[in-house]
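**Q** Have a look at this one before I ask anything.
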Amino acid sequence: MNIVLDIFTIAAVSAGAFVFMAGTVGLLRFPDELTRLHALTKADNLGLGLIVFGLLPQMDNMFAALKLISVWLLVQFSGAMVTQLIARTIRRGMNA
Amino acid sequence: MTMDIVFDIGLVALLISIAVWSIVARDAFSAIMIFMVYGLLLSLAWVRLAAVDIALTEAAIGAGVTGMLLLNALARLRMTGSDAAPAALPLRIAAGVLCMLVSAALSALVLFPSGEPTTLAPAVMARLGESGLENPVAGVLFVFRSLDTLLEKVVLLLALLAVWSLAPDGLWGGIPGLRVFAEKKSVLVFLAQTLPPIGIMVAIYMCWVGASEPGGAFQGGAVLAAMWILVMVAGLRKVPSIDSQSVRLAMAVGPVVFLAIGIAGIFVANSFLAYPSDYAKPLIVVIEATLTLSIGVTLGLLAAGPPEKVQQP
Amino acid sequence: MASTTPGGLLLVMAIIIPVVGILIQFMLGGRFVNRIVFVVLPASFAVSVSIFAMIWSSGEPLVYVVGGWDPPLGIALRADGISAAMILTTAIVICATGIFARQEFSQPDDAPEARAPFVFWALLLAIWSALNAIFLGADLFNLYVALELLTFAAVPLVCLKGSEATFKAALRYLLFALLGSMLYLLGTAMLYGGYGTLDIALLSKQVRPEPVAWVAACLMTMGLLAKTALFPLHLWLPPAHAGAPAAGSAVLSALVVKGSFFLIARLWFDAMPGLRDPAAAQLLAIMGSAAILFGSVLALRQQRLKLLVAYSTVAQIGYLFFLFPLVIGAAEPWSGLAWTGGWLQLLSHAFAKAAMFMAAGLIAEALGHDRIADLGGVGRVLPLTLVTFGLAGLSLMGVPPSGGFTAKWMLLLASIMEGQWWWSLVMLAGGLLAGGYVFMVLGKAFSAAAEKPAIAMPVARSREVIALALALCAISLGFVPLQPSELLQIGRPEIPGVVR
Amino acid sequence: MNVVMLFGICAAVLVGLGLFGLIVRPHPLRKILALNVLSSGVFLLFGVIARRGTAAGLGGDPVPQAMVITGIVVAFSSTAMAVALVLRLFKESGAVTLDVAEAEPAKRDGG
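Sequence order for the protein chains is A, B, C and D. Our numbering runs 673 ahead of the 1-based position in the first sequence. Our numbering runs 971 ahead of the 1-based position in the second sequence. Our numbering runs 627 ahead of the 1-based position in the third sequence. Our numbering runs 150 ahead of the 1-based position in the fourth sequence.
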């Protein structure tokens, strides 16, 4: 049982790391701010989600798992908001 | 073990190259951006050194609040493009040689330590029980070396006084020049309405577990400060004037309670800053709770800067 | 060993009473600042005098173990003979400054809280607390926090007037001071890594001449030298000390730079006696000599009175560093004489320089400027202040009877008797140059040819008297006997040969 | 090579880097940044010493760890104060040249 969980963790965390890497490449290579922002948020959402998901089986109690999930939710929330703010600032800059 | 060391080598290489970058970067804006990344990496280094308490402090204060402070400064200085060229070449070479010598001497001392490793960890663990705390770092901060911690709170207060003192005479008692983006129905307002309840809970949690697990007044205070600034920047709460009675009270209450309990120790526990044995833990929790509030307010005001507007009657 | 002695609680009070004052000021608001200061200054003064009296009468150091946790786990406070002398001097100078500044920084009764009084009094109290913490600290990290407290209290004082020049001076001072603290902290880290304690008494038994101790001592000394403004790290000092309001300059020049010097002495004489090395001591004294010569020459070339006084501080700091070669590795009784002479120089310079800065401030206030070239005839308008300036000048020059004379005489005698005669040449040259800049000012002020200058603003007689009183303190130190002082030896078993 | 040595060298390099930046960078904001790098190196050295003193079931000696926490707060306070001074200077004069031309050679001796 344990080994299955470990393999699951390795797979999910690696996938998460890969998504982060892809996001970083996007951040560096995409042409303008809006598309870069897009790359960044995708990495945040999916990458972190995968990593948290992968780590869940490794937690020894409910409380710790709950903490992990709330970390992910918080990042989701603040990430989405801040991205909105940045995007609006950019759009205002374009219009002006 | 080998995996660990590979990770550590990577981390150290990254830390050093980012530090180099932030020093040599052409313009100040990138230097500051890079420095914020540096702060976050540094917290990772603290985790690797088995110092979770410091990692939290570094992330909250070293990277978070410091970065915010520097960014705000940059925005106000309206600095664009490259700043002034570095010093003349001979000076740079001389400085480089000198700094390399310093680094080399320090590295040599680290690589070839002369004696056995020194540690007070056994002494701390042997007497930690008397304080009722379980987190040894909190024990050192609030029990064994509490005088340092008390004086450091005064330092924080003085730093704020120093920042305020920069205001012109006529603006004393005015409102700090924090930039407010008050715009109804903006995303920022939504964020400032929803995040703080969670943030405040996190701050209280951090302060509460500080006695037994990593965390404590500083980390909690920094989170509190961030929430307060968010609310002010979004225009949901007015930036208070610096002579507001409640602000002054909130700033001072932590050190005052700490000092009062310390002085009470003279009479009930036979020494300044000693706690009566059965009440040590509750007293420390009270100190930490009030300090969290004071630190939050002080950090927030430090970031807000000196008063720049006259108070509207 | 380290356990609380009777009266040890006084040490805690010396540190926390000013802090209590600051906290009450924050809580109640600046409108009460006059009353708070009126209570805190006398209370703290009484504590300082009691500490001095207890050590003087018992001949034993006072110790307080904070929280009852013995070092190395906990922190101890310890007052020996030199702490006692410093604490009393600090108390006198700060209280005199308080009286001197009472009018200028008075909070009007029914007006709203004003900036200058609120900031000035809080900073003055903070400086007092920090200095006491430095004189009493027995733990190197605790001393780091005290040192930072001192920096944070001193820097805003520099730019209290709020002009572009003072902001620049303050920023430069801050950067130097922060570099200094970081180097000090770096050394502290290495000592902890090497010996597992930061308690000075415990360290003194363990420190051996080995690389880790040497590098640590070197870094810490460098850092503290930057804060003491020893040549060539003095560049921040003149604009900073000249830019502050007169009361602030008096405290900065008389006391604040001495705080970091005190730590250098603590480090070399108390924390690391095993490291005492004649070569290092010579190096420090060479830098001191350079400070005396350059500082004095630069003082002679100044066109503004306050800058002249500030450069004179750069020079007078130099004398303090003769303490190292003349005490380390020298035989009794001359090393004891040099020890007394060095500290006496520090104390008499504290009084003389505070008096001199106050006098310079009064002159600038009365005339509306402090250009030396236009000081003609000011001696007829402010005779008392110019007498103060002259008396303080006597001490700086080292002319009898004055504390400066006794101190320099002891150092001179020790240097000749120990066969280090070259330092005596520097001291004599320094004295002549000091005479040059003091008489340059006095000659202008009392010149018979000049008209009586116009007065921009009359100055209160009481302020003139306070400055004069401090100058008289410096003069009266000239009457201490010309022999190793018993008081300054209290708590120092390692310098034997003192007749008790 | 172990964790202690690795981060020890890292700390030593950061100290040198910070010192270098402090000397050669004329802009006050950059000097402040360099001071922060310097202080992070010093703190890391404390951390390394703490890690070296692993004992009594702890990951590191808590005494230097607590000192670092105190140090970080003091370092933050000084950064806040320095930044405020820079901004005030800018407001007063419209520029932030520190006029450090003569202060530089002195700092070289600071190491």
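C-beta atoms are modelled at their ideal positions from N, C-alpha and C, and glycine is treated no differently.
1. My understanding is that arginine 1090 (chain C) touches leucine 989 (chain C), with C-beta atoms under 8 Å, so please give their C-beta distance in whole angstroms.
2. Closer than 7 Å by C-beta to glycine 901 (chain C): which residues in its own chain qualify, once you throw out the five before and the five after it? Chain order, please.
3. What first and last residue would you give for the beta strand (DSSP E) that runs through arginine 705 (chain C)?
4. By how many angstroms is the C-alpha of methionine 654 (chain C) removed from the C-alpha of isoleucine 1146 (chain B)?
5. Could you say which of C:Pro735, C:Lys795, C:Ala641, C:Tyr771 lies nearest to glycine 657 (chain C) if we only look at CA atoms?
6. Using DSSP bridges, identify the partner residues of tyrosine 691 (chain C).
7. Under the rule that 16 or more other beta-carbon atoms within 10 Å means buried, what is phenylalanine 665 (chain C), buried or exposed?
8. Output yes or no for whether 8 Å exceeds the beta carbon distance between phenylalanine 726 (chain A) and alanine 685 (chain A).
9. Is it buried or exposed for proline 1167 (chain B), if we count other Cβ within 10 angstroms and need 16 for buried?
10. Quick one: give me the first and last residue of the alpha helix (DSSP H) that lysine 1163 (chain C) is part of.
11. Do you know how far the Cα of phenylalanine 1006 (chain B) is from the Cα of glutamate 1279 (chain B)?
12. Using the three-state DSSP reduction, which class does proline 1278 (chain B) fall into: helix, strand or coil?
13. Which chain B residues are close to valine 883 (chain C), counting only those with a beta carbon under 9 Å from its beta carbon?
14. In the DSSP assignment, what are the bridge partners of aspartate 1024 (chain B)?
15. Can you list the residues of chain B that methionine 754 (chain A) reaches, using a CB-CB cut of under 9 Å?
16. How long is the line joining the alpha carbons of serine 1053 (chain B) and threonine 756 (chain A), rounded to whole angstroms?
17. According to DSSP, is proline 178 (chain D) part of a helix, a strand, or is it coil?
18. Rounded C-beta distance between glycine 1003 (chain C) and lysine 1071 (chain C)? I'm assuming under 8 Å.
19. Pull up the DSSP beta-bridge partners for proline 1211 (chain B), would you.
20. Cβ closer than 9 Å: which chain B residues qualify as neighbours of leucine 700 (chain A)?
21. Using DSSP with H/G/I as helix, E/B as strand and the rest coil, what is arginine 1150 (chain B)?
22. Quick check on arginine 705 (chain C): buried or exposed, where buried means 16 or more other Cβ atoms within 10 Å of its Cβ?
23. Given a threshold of 16 other Cβ atoms within 10 Å of its Cβ, counted over all protein chains shown, does proline 739 (chain C) qualify as buried or as exposed?
24. Under a three-way DSSP split, which group does arginine 931 (chain C) fall into?
25. Quick one: grab the DSSP three-state call for arginine 998 (chain C).
26. Along chain D, which residues have their Cβ under 7 Å away from the Cβ of tyrosine 819 (chain C)?
27. From the beta carbon of isoleucine 1169 (chain B), is the nearest beta carbon of chain A less than 8 Å away?
28. Tell me which same chain residues have a C-beta within less than 6 Å of the C-beta of alanine 253 (chain D), skipping the five on either side of it?
29. Are valine 785 (chain C) and alanine 773 (chain C) touching if we call contact CB-CB under 8 Å?
30. Distance, Cα to Cα, threonine 716 (chain C) vs leucine 1115 (chain C)?
31. Count the other CB atoms, across all protein chains shown, that sit within 10 Å of the CB of isoleucine 683 (chain A); report buried if there are 16 or more and exposed otherwise.
32. Within 10 Å of its beta-carbon, does phenylalanine 732 (chain C) have 16 or more other beta-carbons around it, so buried, or fewer, so exposed?
33. Counting along the chain, where does the alpha helix (DSSP H) carrying glutamate 242 (chain D) start and finish?
34. Say whether chain D places a C-beta atom closer than 8 Å to the C-beta of valine 639 (chain C).
35. For phenylalanine 196 (chain D), would you say it is in contact with chain C, using Cβ-to-Cβ distances shorter than 8 Å as the test?
36. Give the C-beta separation of isoleucine 1093 (chain C) and isoleucine 721 (chain C) to the nearest angstrom, bearing in mind that I take them to be a contact with Cβ-Cβ under 8 Å.
**A** Answer, in terms of the structure:
1. Taking the Cβ atoms as the reference, arginine 1090 (chain C) lies roughly 6 Å from leucine 989 (chain C), within the contact range of under 8 Å.
2. Cβ neighbours of glycine 901 (chain C) beyond the five flanking positions: Val834, Arg835, Pro836.
3. Note, arginine 705 (chain C): beta strand (DSSP E), 703-706.
4. Cα-Cα distance, rounded: 18 Å.
5. Closest option to glycine 657 (chain C), Cα to Cα, is C:Pro735.
6. When beta bridges are read from the DSSP output, tyrosine 691 (chain C) appears opposite C:Leu704.
7. The residue in question, phenylalanine 665 (chain C), is exposed, as its Cβ has fewer than 16 Cβ neighbours within 10 Å.
8. Result yes, Cβ atoms of phenylalanine 726 (chain A) and alanine 685 (chain A) sit closer than 8 Å.
9. The residue in question, proline 1167 (chain B), is buried, as its Cβ has 16 or more Cβ neighbours within 10 Å.
10. Residue numbering for chain C in the displayed model covers 628 to 1127; residue 1163 (chain C) lies beyond these limits and cannot be assessed.
11. Near 28 Å, if we compare the C-alpha coordinates of phenylalanine 1006 (chain B) and glutamate 1279 (chain B).
12. Here proline 1278 (chain B) sits in strand by DSSP.
13. Simply none; closest approach about 14 Å.
14. Beta-bridge pairing links aspartate 1024 (chain B) to no other residue.
15. Result: Val1158, Leu1159, Phe1161, Leu1162, Thr1165, Leu1166.
16. Only weak support exists for where serine 1053 (chain B) lies, its pLDDT of 48 falling under 50; the value from the coordinates is given anyway. Each residue's alpha carbon lies about 28 Å from the other.
17. Shown here, proline 178 (chain D) sits in a helix according to DSSP, grouped into three states.
18. Between glycine 1003 (chain C) and lysine 1071 (chain C) the beta-carbon gap is near 6 Å, inside 8 Å, which marks them as a contact.
19. Answer is none; proline 1211 (chain B) lacks a bridge partner.
20. Correct list: empty, because the minimum Cβ distance to chain B is about 13 Å.
21. Correct three-state label for arginine 1150 (chain B): coil.
22. Under the 10 Å beta carbon count, arginine 705 (chain C) is surrounded by 16 or more other beta carbons and is classified as buried.
23. By the Cβ neighbour-count rule, proline 739 (chain C) is exposed, with fewer than 16 other Cβ atoms within 10 Å of its own.
24. Strand.
25. In this structure, arginine 998 (chain C) counts as strand in the three-state DSSP scheme.
26. Within chain D, Ile199, Pro214 have C-beta atoms less than 7 Å from the C-beta of tyrosine 819 (chain C), given in sequence order.
27. Isoleucine 1169 (chain B) counts as touching chain A.
28. With a pLDDT of 38 at alanine 253 (chain D), under the threshold of 50, the modelled position of that residue is not reliable, and the figure given next carries that caveat. Taken in chain order, the list of residues that qualify is empty.
29. No, the Cβ-Cβ distance between valine 785 (chain C) and alanine 773 (chain C) is not below 8 Å.
30. Their backbone Cα atoms lie some 13 Å apart in a straight line.
31. Counting the other CB atoms within 10 Å of its CB gives isoleucine 683 (chain A) a total below 16, which places it among the exposed residues.
32. Residue burial is scored here from C-beta neighbours: phenylalanine 732 (chain C) has at least 16 other C-beta atoms within 10 angstroms and is therefore classed as buried.
33. Judged by DSSP secondary structure, glutamate 242 (chain D) falls within the alpha helix (DSSP H) whose first and last residues are 212-243.
34. No, valine 639 (chain C) lies away from the interface with chain D (no Cβ there is under 8 Å from its Cβ).
35. So, interface residue.
36. Rounded, the Cβ-Cβ distance is 12 Å, inconsistent with contact.
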